[in-house]
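A.B. asks: Quick one: the structure is below, questions incoming.
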Amino acid sequence: MFHVIVAKAERYKNLINGQWEESSSEKTFGSINPANKEEVVGVFQASTKEDVKRAIESADRAFESWAATAPSKRAAILDKAAQYLIDHADQFAEELTREEGKPVNAARGEVIRSAQTLKYYAVEGQSHSGETFPQDDPDMDVSTRLEPLGVISVITPWNFPLSIPARKIAPALITGNTVVFKPSSETPLVAYRLVEALVHGGLPQGVLNFVTGHSSDIGDSLVDHPAVKAVTFTGSTGAGERIQRNVSFDTRTQMELGGKNPLIVMEDADIELAAKLTVNGGFNLSGQACTGTSRVIVMKEVKEKFLKALLDKTKSLKMGSGFEEGVMICPLASEKQLKNVLKYIDIGKQEGASLLYGGEHVEEGDFSKGYYVSPTIFTDVTPSMRIAQEEIFGPVIAVIEASSYEEAVRIANGVEYGLSASIVTTNLKTAQRFTRDIKAGTVKVNRTTTGNLMNAPFGGIKKSSTSTFRESGRAGLDFFTQIKTVYVGY
Ligand code: NAD
44 MFHVIVAKAE RYKNLINGQW EESSSEKTFG SINPANKEEV VGVFQASTKE DVKRAIESAD
104 RAFESWAATA PSKRAAILDK AAQYLIDHAD QFAEELTREE GKPVNAARGE VIRSAQTLKY
164 YAVEGQSHSG ETFPQDDPDM DVSTRLEPLG VISVITPWNF PLSIPARKIA PALITGNTVV
224 FKPSSETPLV AYRLVEALVH GGLPQGVLNF VTGHSSDIGD SLVDHPAVKA VTFTGSTGAG
284 ERIQRNVSFD TRTQMELGGK NPLIVMEDAD IELAAKLTVN GGFNLSGQAC TGTSRVIVMK
344 EVKEKFLKAL LDKTKSLKMG SGFEEGVMIC PLASEKQLKN VLKYIDIGKQ EGASLLYGGE
404 HVEEGDFSKG YYVSPTIFTD VTPSMRIAQE EIFGPVIAVI EASSYEEAVR IANGVEYGLS
464 ASIVTTNLKT AQRFTRDIKA GTVKVNRTTT GNLMNAPFGG IKKSSTSTFR ESGRAGLDFF
524 TQIKTVYVGY
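Take any residue in the sequence shown, count from 1 to its spot, add 43: that is its number in my numbering.
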């Protein structure tokens, strides 16, 4: 059963200087339900450079007063916004599923986690402080103050359209910065709900501005304005590189980018566990997680046993709209996603990898309304194949054979990305060695490559991140403040 079609899509506006307003372009675009491409979930402003400029200027004007606002007042606003998300969790989860496609339970989890993130930073942000330094002069104190930067551009992707903006906007606001927020054009509605929650929380006008639109129209103007002191971006490595080239040297950047995350299965692994972690890490959300498992590097002696367990589990996965019970293979988020994933499946076949399972664009019956691809397993993959090197961002797993731990780690590290990696082993020494040898920002043992705690640092290395500042946890506050060193003699 697919979800009921909504009769007429509502129109949503930008928020600039505390006013909800239409774009000067007088143009709009629709947010489409990927489980039913005939359903327009909402209609949003196709903003112009001029709209963005006004949003940045409004944030700039609001900065001084917001930076001087008591931290406890800023925290109270985040708390109230968090409660608003909790109170509307069912509605916002349903909207998230209609707009992005993920199973509604996962969507609800994302709404709640976003509320928790606001609450977490309401507390942590109030104790984010400087240091005092011992020195020789008895008539002097030396300390550091942490000060906000100014206007922050927040640019986010569609795959976690609420929780990623929440983990950027909450630490930005609690430390006294003002924000211009541009969400992905695939998922503007849930982003709008976060803004609505913060406005309901009592944010003064201009402190948070919201502009929707296409990056080809407004991408550059979001980052190259001199008032923008920092850009926090999550998205593809290609877009991140372009932004990095566009910003001035004194604009701080935080880029959380793509991944090609490996899971190594050692000969001593619990094979059932390895198969379960592969399925959950690789196919959950139809593989559309930046930390999703896309390469499985398996020891030769257990390969057949592992593939059998993996195949059994994969065959039992349910595909359907996010509103159906027990679905893991949800639709891909957009037509662009569908085309890209199918392109890589073709590339895998042409490169000579063996298609063990899946690889189809599923179009029977109601599936024809959405963007469905069956869970796909390629074996006989060699490390240099494109399907073993490039991010696919869909339900496609490349299985690569290795003959030793050293070879497995060499293959795991032999890509340009370094976001997340995991090993399945019962050998403590191998596990420990792996945490040192692997080049990734997040390393796991006997756990999925996916998932990260709200209170622990998160980010990648190599082309998965600018590696400047981490997101999440206390470390997530550092990006939004600068250090002033103060010498006071008396
Ligand atoms: P994307 O790069 O296409 O877009 C991300 C956002 O950037 C969107 O809002 C888009 O409109 C905007 N954008 C694109 N080009 C821009 C430009 N030149 N200037 C300014 N803004 C620009 O990515 P996507 O398809 O939305 O998301 C999928 C990608 O995000 C994958 O590569 C995935 O790995 C990555 N991702 C990374 C993390 C992480 O934490 N490392 C988390 C989630 C997703």
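All residues carry an ideal CB built from backbone N, CA and C; glycine is no exception. Just so we're clear, the structure is a prediction, and the values are computed from it rather than from any experiment.
1. List the endpoints of the continuous beta strand (DSSP E) containing asparagine 76.
2. CB-CB under 6 Å to valine 308, same chain, minus the five flanking residues each way: which ones, in chain order?
3. Distance, Cα to Cα, methionine 371 vs asparagine 60?
4. Going by Cα to Cα distance, which pick from Thr478, Asn495 and Leu496 is closest to leucine 488?
5. For serine 157, which three-state DSSP category applies?
6. Output yes or no for whether 7 Å exceeds the beta carbon distance between asparagine 252 and alanine 102.
7. If you draw a straight line from the alpha carbon of lysine 343 to that of lysine 392, how long is it in whole angstroms?
8. Name the DSSP bridge partner or partners of proline 305?
9. Using a Cβ distance threshold of 8 Å, determine whether the stretch 220-231 contacts the stretch 349-363, with at least three qualifying pairs required.
10. So, helix, strand or coil for leucine 381, using DSSP?
11. Have a look at valine 531 and histidine 171 and give me their C-alpha separation to the nearest angstrom.
12. Using alpha carbons as the reference points, say which of Arg429, Val290, Leu306 and Lys412 lies closest to valine 452.
13. Following a CB-centred definition, is asparagine 202 positioned closer than 6 Å to any heavy atom of the ligand NAD?
14. Beta-carbon within less than 8 Å of valine 166's beta-carbon, same chain only, minus the 5 sequence neighbours each way: which residues are those?
15. Does the beta carbon of arginine 285 fall short of 6 Å from some heavy atom of the ligand NAD?
16. Using the Cβ count rule (16 or more neighbours within 10 Å means buried), how would you classify histidine 268?
17. Buried or exposed: methionine 183, going by 16 or more other Cβ atoms within 10 Å of its Cβ?
18. So the alpha helix (DSSP H) tyrosine 5 belongs to, where does it begin and stop?
19. Just to confirm, are leucine 300 and serine 463 a CB contact at a threshold of 7 Å?
20. By a C-beta neighbour count over all protein chains shown, 10 Å radius and 16 as the cutoff for buried, is alanine 499 buried or exposed?
21. Using 6 Å as the cut-off, classify the Cβ of glutamate 433 as near or not near the heavy atoms of the ligand NAD, replying yes or no.
22. For the beta strand (DSSP E) containing proline 191, name the first residue and the last one.
23. Under the three-state reduction of DSSP, which class applies to serine 259: helix, strand or coil?
24. Cα separation between valine 49 and lysine 145?
25. Beta-carbon within less than 6 Å of alanine 312's beta-carbon, same chain only, minus the 5 sequence neighbours each way: which residues are those?
26. Between Pro191, Val95 and Tyr55, which lies nearest to valine 84 when the distance is taken from Cα to Cα?
27. Give the DSSP-derived three-state secondary structure of valine 250 in the structure shown.
28. Is any non-hydrogen atom of the ligand NAD found closer than 6 Å to the C-beta of isoleucine 198, if you look at the structure I gave you?
29. Roughly how many whole angstroms lie between the Cα atoms of methionine 44 and isoleucine 261?
30. Only counting the same chain, and skipping five residues up and downstream in sequence, which positions put a Cβ closer than 6 Å to that of isoleucine 207?
31. Tell me whether glycine 85 sits in a helix, a strand or coil according to DSSP, three-state version.
32. Quick one: is isoleucine 440 buried, meaning 16 or more other Cβ sit within 10 Å of its Cβ, or exposed?
33. For the ligand NAD, any of its heavy atoms closer than 6 Å to the Cβ of alanine 282?
34. DSSP three-state label for arginine 295, please.
35. Following a CB-centred definition, is glycine 301 positioned closer than 6 Å to any heavy atom of the ligand NAD?
36. Using CA coordinates, which residue listed in Glu433, Gln380 and Gln248 is at the minimum distance from alanine 105?
C.D. replies: The answer reads as follows:
1. Run containing asparagine 76: 71-76, per the beta strand (DSSP E) assignment.
2. When the five nearest sequence neighbours on each side are left out, the beta carbons in the same chain lying within less than 6 Å of the beta carbon of valine 308 are those of Ala317, Val341, Phe349 and Val467, in order along the chain.
3. As the crow flies, the alpha-carbon of methionine 371 is around 41 Å from that of asparagine 60.
4. According to the sequence displayed, residue 488 carries valine and not leucine. For the residues Thr478, Asn495 and Leu496, the minimum Cα distance to valine 488 belongs to Thr478.
5. Assignment of serine 157 by DSSP, reduced to helix, strand and coil, places it in the helix class.
6. Judged by their CB atoms, asparagine 252 and alanine 102 are nearer to each other than the 7 Å cut-off.
7. In this structure, the straight-line span from the alpha carbon of lysine 343 to that of lysine 392 is close to 22 Å.
8. Arg338, per the DSSP bridge assignment.
9. These segments do not touch.
10. In the three-state DSSP reduction, leucine 381 falls in the helix class (H, G or I).
11. Looking at the two C-alpha atoms, the distance is approximately 21 Å.
12. The closest CA to that of valine 452, considering only Arg429, Val290, Leu306 and Lys412, is found on Leu306.
13. Indeed, a heavy atom of the ligand NAD lies less than 6 Å from the Cβ.
14. Hits under 8 Å: Ala118.
15. The beta carbon of arginine 285 sits closer than 6 Å to at least one heavy atom of the ligand NAD.
16. The residue is buried, with at least 16 neighbouring Cβ atoms inside 10 Å.
17. Under a 10 Å Cβ-count criterion, methionine 183 is classified as exposed, with fewer than 16 other Cβ atoms of the shown protein chains found around its own Cβ.
18. Residue 5 lies beyond the residue range present for the chain, which begins at 44 and ends at 533; the question has no answer from this structure.
19. Taking a C-beta distance under 7 Å as the contact criterion, leucine 300 and serine 463 do not qualify as a contact pair.
20. Alanine 499 is exposed by the Cβ-count criterion.
21. Glutamate 433: no, Cβ never under 6 Å from the ligand NAD.
22. Looking at the DSSP string, the run of the beta strand (DSSP E) that includes proline 191 is 183-191.
23. The answer is helix: DSSP assigns serine 259 an H, G or I state.
24. Confidence at valine 49 is low in this model, with a pLDDT of 46, below 50, so its placement is unreliable and the value that follows should be read with caution. Cα-Cα distance, rounded: 18 Å.
25. Exclusion of the five residues before and after alanine 312 leaves Val467 and Thr468 as the residues of its chain whose Cβ lies within less than 6 Å of its Cβ.
26. For the set Pro191, Val95 and Tyr55, the Cα lying nearest the Cα of valine 84 is the one of Tyr55.
27. Valine 250 falls in the coil class under three-state DSSP.
28. Checking every heavy atom of the ligand NAD against the Cβ of isoleucine 198, one is found closer than 6 Å.
29. The pLDDT assigned to methionine 44 is 35, lower than 50, so where the model puts this residue is not dependable, and the model offers no usable value.
30. If we look at isoleucine 207 and ignore the five residues flanking it on each side, its Cβ neighbours are Thr199 and Thr277.
31. Three-state DSSP puts glycine 85 in a strand.
32. Result: buried.
33. Alanine 282: yes, Cβ under 6 Å from the ligand NAD.
34. When secondary structure is reduced to three states using DSSP, arginine 295 falls in the strand class.
35. At least one heavy atom of the ligand NAD is nearer than 6 Å to the Cβ of glycine 301, so yes.
36. The shortest C-alpha separation from alanine 105 is found at Gln248.
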